[in-house]
Every structure is written in C-alpha cells, then in structure tokens.
Amino acid sequence: MTERPKVLIAEDEETIVESLSFLMEKEGYDVSVATDGQMAIAMIVRDLPDMVLLDVMMPGCDGFDVVRAVRENPHTRPVPIMMLTAKTREVDRRKGLELGVDDFVTKPFSTRDVVSRVKAMLAGDRN
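When you line the sequence shown up against the numbering used here, it's residues 2 to 128, in that order.
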C-alpha cells in the first residue's frame, strides 16, 4: 500500500482547520495541523510534508516568516506551499512569490476549490 500524501495545515482559525481537515482526509490525505508559525516550522522540519497550506496571519511568526524559514533550509526547500490569505493587496502577493510561495488562495475561499488545487499541485500540475 502506498503512503498517503502528508499535508500540513498551518492555520489558527478553527473553522477553517476543521473544514479543510475533513475534506482533505476524505480525499485520502494524511493531515496535520499547526496553529502558529513556530509550530508550523518545527512540524515542516520534523515531518517534511508533501504540501503546506499556510495562513499569512498567525500568532508568533507570520506566514511570510514561515516561508522564509522553509526556503532557507535545503532539507525543506522543495516542499510546495499554498498561502491562504485575507490580504488581497498586490504587494503581499508579490512578497509571497518572491519568498517562494507556489500558490495563493484568497479568503473567503471554497474548501473544495482548495482541495482540488492541492491535488493538482501534488500531481505536478502547477498552473
């Protein structure tokens, strides 16, 4: 039996975590959750997920700090990161792309849409 793809959801809003976790697990993903930036970095380094769904605004260090830490570490650099953000300003999007974010989803979003985008990214179909 093949191993289920590991997805880390780094998000501090409980309702988003619950709905995304439910749908991702239903699709066959092994889901773990981090509720702040420091926890996300530690879990990415320790567990090396296949994909990270990352909120920009989190307690501790924000999503941009997490991306920076992940991309600076040769061990974690290849992990795809999809940012979940309420920030729609172009400057935030550009900052994320410059740091190495693979995709952006703006809140509010359809959790089903996020799941289908995760599937596409893990299949290697990056837009």
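Think of the CB as a built atom: it goes at the ideal place given N, C-alpha and C, for glycine as much as any other residue.
Around the beta carbon of GLY125, fewer than 16 other beta carbons lie within 10 angstroms, which makes this residue exposed. With contacts defined as CB atoms closer than 8 Å, MET52 and VAL106 fail to qualify as a contacting pair. With contacts defined by Cβ atoms closer than 8 Å, GLY38 and VAL71 do not form a contacting pair. Annotation for MET83: MET52, VAL53, LEU54, LEU55, VAL102, ASP103, ASP104, PHE105, VAL106, VAL115, ARG118, VAL119 and MET122 place their beta carbon closer than 8 Å to its own, counting only its chain and skipping 5 residues before and after. Within the same chain, Cβ atoms closer than 7 Å to the Cβ of TYR30 are found at ARG5, PRO6 and VAL8, the five residues on either side in sequence being excluded. Beta-carbon to beta-carbon, ASP13 and MET59 are separated by about 5 Å, close enough to satisfy the 8 Å threshold. Across the structure, ARG95 and ARG47 are spaced so that their CA atoms are roughly 28 Å apart.
The DSSP-derived three-state label of ALA124 is coil. With 16 or more other Cβ atoms from the protein chains shown falling within 10 Å of its own Cβ, VAL32 counts as buried. Between THR89 and LEU49, the CB-CB gap reaches or exceeds 8 Å. When PRO81, LYS108 and PRO75 are compared, the shortest CA-CA separation from ALA87 is found for LYS108.
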